[in-house]
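**Student:** The sequence shown begins at 1 in full-length UniProt numbering and counts up by one.
Even glycine gets a Cβ: it sits at the ideal position worked out from N, Cα and C.
Computed from a prediction, not measured in an experiment: that's the story for all the values here.
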Amino acid sequence: MGIFSARGKSGIKAPERQIRVETVAIQPKPKPKPAVSRPDLTTSNSASRLSSPAINRVKSSSPYPSGSSTTTENGSSAQRKRKAAGSVGASPASPANKFDSDSESDSEDGNGLLDGRRKKQRVFTEDPNRRLTHPRIWTGAVEEIKPQIREGGRGGQVIKERELRIVHAADLANLKEKCKPVLGLTSEEVEIELRYPGSRQRERYEIVYGKDKINAVEDIKKIVRFVYENFIPPEDAAPFDPHTGYCRQLERCSSSTINDGVGFKAAIKEYNKRLFNLQKSGTIKKHLDSLHSLPSDLVAFIMTQVYDRAVAPSVEITRKYENGTDNVYGELHAPFISEILVERTKMTSDQVFVDLGSGVGQVVLQAALEIGCESWGCEQMETLKPLADDMLKEFEARCELWGIAPGRARLICGDFLQNERIHKALKRADVVLVNNQAFTSQLNDSLVRLFLDLKPGCKIVSLKSFVHEHKSTSNDLALNLLTVEKLRYPDDYVSWTNKGGEYCISTRK
Numbered sequence: 001m002g003i004f005s006a007r008g009k010s011g012i013k014a015p016e017r018q019i020r021v022e023t024v025a026i027q028p029k030p031k032p033k034p035a036v037s038r039p040d041l042t043t044s045n046s047a048s049r050l051s052s053p054a055i056n057r058v059k060s061s062s063p064y065p066s067g068s069s070t071t072t073e074n075g076s077s078a079q080r081k082r083k084a085a086g087s088v089g090a091s092p093a094s095p096a097n098k099f100d101s102d103s104e105s106d107s108e109d110g111n112g113l114l115d116g117r118r119k120k121q122r123v124f125t126e127d128p129n130r131r132l133t134h135p136r137i138w139t140g141a142v143e144e145i146k147p148q149i150r151e152g153g154r155g156g157q158v159i160k161e162r163e164l165r166i167v168h169a170a171d172l173a174n175l176k177e178k179c180k181p182v183l184g185l186t187s188e189e190v191e192i193e194l195r196y197p198g199s200r201q202r203e204r205y206e207i208v209y210g211k212d213k214i215n216a217v218e219d220i221k222k223i224v225r226f227v228y229e230n231f232i233p234p235e236d237a238a239p240f241d242p243h244t245g246y247c248r249q250l251e252r253c254s255s256s257t258i259n260d261g262v263g264f265k266a267a268i269k270e271y272n273k274r275l276f277n278l279q280k281s282g283t284i285k286k287h288l289d290s291l292h293s294l295p296s297d298l299v300a301f302i303m304t305q306v307y308d309r310a311v312a313p314s315v316e317i318t319r320k321y322e323n324g325t326d327n328v329y330g331e332l333h334a335p336f337i338s339e340i341l342v343e344r345t346k347m348t349s350d351q352v353f354v355d356l357g358s359g360v361g362q363v364v365l366q367a368a369l370e371i372g373c374e375s376w377g378c379e380q381m382e383t384l385k386p387l388a389d390d391m392l393k394e395f396e397a398r399c400e401l402w403g404i405a406p407g408r409a410r411l412i413c414g415d416f417l418q419n420e421r422i423h424k425a426l427k428r429a430d431v432v433l434v435n436n437q438a439f440t441s442q443l444n445d446s447l448v449r450l451f452l453d454l455k456p457g458c459k460i461v462s463l464k465s466f467v468h469e470h471k472s473t474s475n476d477l478a479l480n481l482l483t484v485e486k487l488r489y490p491d492d493y494v495s496w497t498n499k500g501g502e503y504c505i506s507t508r509k
């Protein structure tokens, strides 16, 4: 009853870009022809209306998860649904900060992404109490780098800067794992390090490609683009611009017509230097201090990074479940979780979220990152505990790497019907998620009795209603306890089917 699928490497599906369609009528000329209406702007079949007019969001078309999984789970679907990007043809880029732009990329880059500054529309309604800046964000001050002291070296001691314990992309996708160099680089040229906005530490990459491995080129391009869109103030954004800056150079050098690995690495090094200066000057921190929400596509990307590094190498463990029992996996994809948390239940950072049957903890961690709330998860299957522990460690380190402060997340292994810590959390909960698609009727009835301790107004999100339609009011505890709203979710929101379906939001009376 976890939150991921056994079909592919990664269990996160990123939100798809949605484009508003307007009809603009041209006023008739006074003479001599009658009025002529301008035809509607057209979009692909995947483009639909925004799910809620109160939420000003445009979904990204970036193919997630990062890496080669774009051609595995959900990859073909994502490719069908995004707008095809034109090819880029230009001379090899130099290490300079600005580059010529092509007409094909004036509005979109090679990934079909909207211009970063216009993409600010996709941010959800902000929570004014949410603090995004990580308390340990690096700005160059000595006191912000906690030293580790060990014996040895000159004078008997060696002082090392505080090191984040992340899983580097190069630990999983490298030449030793039978990956091949790309962009015309030799085996001796593939190593590179990439800087993030929140830490002095950099992540190690090898510019290689391997089946079902992290795609270094695509991962790096997305990171640089997200940094440009979300961490750089407008007055400092020009060197990162997708038309004339680092984003542009990375796209050009990685295109099939250019294939310039040397230029690609040069752009990364220049990007690293520029970002380092913005970190050290406090510019990144000051900009994050002014923000109070994260765009859903950045949330999905960070969660994909965490999953690919902590769970994907041992994904076979997640496929060992018992048919005919309550321990059956079913994943709710990231866009579904965003809709539930932000649009439907309107969670804020001062609230409490609980996931009953949390698997390796993806939904719990997404809630902590996207909302900034206190977030709890409970999973009974002990085989998943090592993966959940690795997920939490990687999540916390990677949030610091990005400079983002998540809410407090706790992942507990145990029976949620019996666990006292979960019972205490449920009494304070504002939103409870139960993916009860495959739960037995006995377990659902037991959960209803557990809901007696929920505070009035608490929202329970479930795939099936807890109210039995065949029972009368007099003998149905759930009917007397809960007010149920039935809703529809669209295609590709869950792992067990590509079709849309029904879910419920019940409110504790």
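1. Compare the C-alpha of TYR489 against each of CYS413, VAL467, ALA216 and ASN498 and name the closest.
2. Kindly list the residues whose CB is nearer than 7 Å to the CB of ASN129, restricted to its own chain and excluding five residues on each side of it in sequence; keep chain order.
3. Under 7 Å, do PHE395 and VAL306 count as touching if we go by C-beta distance?
4. Measure the alpha-carbon distance for ALA169 versus LYS285 and round it to whole angstroms.
5. Can you grab the Cα-Cα spacing for the pair ASN230 / LEU452, in whole Å?
6. Is there a Cβ from chain C that is less than 7 Å from the Cβ of SER255?
7. What separation, rounded to the nearest whole angstrom, lies between the Cα atoms of GLU382 and LEU411?
8. Taking the continuous alpha helix (DSSP H) assigned at ILE258, which residues delimit it?
9. Quick check: the Cα distance between CYS413 and GLY361, rounded to an integer number of angstroms?
10. Can you tell me the Cα-Cα spacing of TYR205 and LEU450, whole angstroms?
11. In the structure shown, what three-state DSSP assignment does PRO135 receive?
12. Taking only the alpha-carbon atoms, compute the straight-line gap between GLU331 and VAL434 and give it to the nearest angstrom.
13. Examine the ligand NAD and report whether any of its heavy atoms sits within less than 6 Å of the Cβ of LEU183.
14. May I have the straight-line CA-CA distance separating ARG57 from THR186, to the nearest angstrom?
15. With a 10 Å radius around its C-beta and 16 neighbouring C-beta atoms as the bar for buried, classify ASN436 as buried or exposed.
16. Among LEU288, ARG202 and PHE301, which one has its Cα closest to the Cα of LYS269?
17. How long is the line joining the alpha carbons of GLU400 and ILE166, rounded to whole angstroms?
18. Does GLY357 pass the burial test, meaning 16 or more other C-beta atoms within 10 Å, or should it be called exposed?
19. Can you tell me the Cα-Cα spacing of SER290 and LEU164, whole angstroms?
20. Could you tell me the alpha carbon to alpha carbon distance between ASP476 and SER296, rounded to whole angstroms?
21. In its own chain, which residues sit with a C-beta less than 7 Å from the C-beta of LYS385, not counting the 5 before and 5 after it?
22. Run the CB neighbour count on GLU143, radius 10 Å, all protein chains shown included, and call it buried at 16 or more, exposed below.
23. Taking Cβ positions, are LEU250 and ALA266 nearer each other than 7 Å?
24. Can you name the residues that DSSP bridges to LYS459?
25. Please state whether the Cβ-Cβ distance between PRO406 and ALA367 is less than 7 Å.
**Tutor:** The structure says:
1. Along the sequence shown, one-based indexing puts residue 489 at 489. Looking at the Cα atoms, ASN498 is the closest of the given residues.
2. In the sequence shown, counting from the first residue as 1, residue 129 sits at position 129. Cβ neighbours of ASN129 beyond the five flanking positions: THR348, SER349 and ASP350.
3. On the sequence shown, residue 395 is found 395 positions in, with the first residue counted as 1. On the sequence shown, residue 306 is found 306 positions in, with the first residue counted as 1. For PHE395 and VAL306, yes; Cβs fall inside 7 Å.
4. Locating residue 169 in the sequence shown gives position 169, where the first residue counts as 1. Locating residue 285 in the sequence shown gives position 285, where the first residue counts as 1. Computed Cα separation, rounded: 25 Å.
5. Counted from its first residue, the sequence shown places residue 230 at position 230. Counted from its first residue, the sequence shown places residue 452 at position 452. Taking the straight line from one Cα to the other gives about 42 Å.
6. Absence of chain C from the displayed structure is noted, only one protein chain being present.
7. Indexing the sequence shown from 1 puts residue 382 at position 382. Indexing the sequence shown from 1 puts residue 411 at position 411. Each residue's Cα considered, the two are about 12 Å apart.
8. Position 258 of the sequence shown, counted from the first residue, corresponds to residue 258. Segment: none, ILE258 is in no alpha helix (DSSP H) and carries neither H nor E.
9. The sequence position of residue 413 within the sequence shown is 413, counting from 1. The sequence position of residue 361 within the sequence shown is 361, counting from 1. Whole-angstrom Cα-Cα distance: 11 Å.
10. Working through the sequence shown from its first residue, we reach residue 205 at position 205. Working through the sequence shown from its first residue, we reach residue 450 at position 450. Distance between the alpha carbons of TYR205 and LEU450: 47 Å.
11. Sequence index remark: in the sequence shown, residue 135 carries index 135 (1-based). DSSP places PRO135 in coil when its eight states are reduced to three.
12. Position 331 of the sequence shown, counting from 1, holds the residue named residue 331. Position 434 of the sequence shown, counting from 1, holds the residue named residue 434. Taking the straight line from one Cα to the other gives about 11 Å.
13. The model depicted lacks the ligand NAD and carries no ligand whatsoever.
14. Mapped onto the sequence shown, residue 57 falls at position 57. Mapped onto the sequence shown, residue 186 falls at position 186. Because ARG57 carries a pLDDT of 29, less than 50, the predicted location of this residue cannot be relied on, and the following value inherits that uncertainty. If you take the alpha carbons of ARG57 and THR186, they lie about 43 Å apart.
15. Translated into the one-based positions of the sequence shown, residue 436 becomes position 436. Label assigned to ASN436: buried.
16. Along the sequence shown, one-based indexing puts residue 269 at 269. Among LEU288, ARG202 and PHE301, the Cα nearest to that of LYS269 belongs to ARG202.
17. To locate residue 400, count along the sequence shown from 1; it is residue 400. To locate residue 166, count along the sequence shown from 1; it is residue 166. If I take the Cα positions, the gap works out to 10 Å.
18. By one-based count along the sequence shown, residue 357 stands at place 357. Buried, since its Cβ has 16 or more Cβ neighbours within 10 Å.
19. Taking the first residue of the sequence shown as 1, we reach residue 290 at position 290. Taking the first residue of the sequence shown as 1, we reach residue 164 at position 164. Using only the alpha carbons, I get a separation of about 25 Å.
20. Here residue 476 corresponds to residue number 476 of the sequence shown, with the count starting at 1. Here residue 296 corresponds to residue number 296 of the sequence shown, with the count starting at 1. Between ASP476 and SER296, the C-alpha separation is close to 39 Å.
21. By 1-based counting over the sequence shown, the position of residue 385 is 385. CYS413.
22. Walking along the sequence shown from the start, residue 143 turns up at place 143. Any answer about GLU143 is weak, because its pLDDT of 47 lies below 50 and its placement is not dependable; what the coordinates show is given next. It is exposed - the Cβ of GLU143 has fewer than 16 other Cβ atoms within 10 Å.
23. Mapped onto the sequence shown, residue 250 falls at position 250. Mapped onto the sequence shown, residue 266 falls at position 266. Against a cut-off of 7 Å, the Cβ pair of ALA266 and LEU250 comes out as no contact.
24. One-based indexing of the sequence shown puts residue 459 at position 459. LYS459 is bridged to VAL431 and THR507.
25. The residue given as residue 406 occupies position 406 in the sequence shown. The residue given as residue 367 occupies position 367 in the sequence shown. The answer is no: Cβ separation not under 7 Å.
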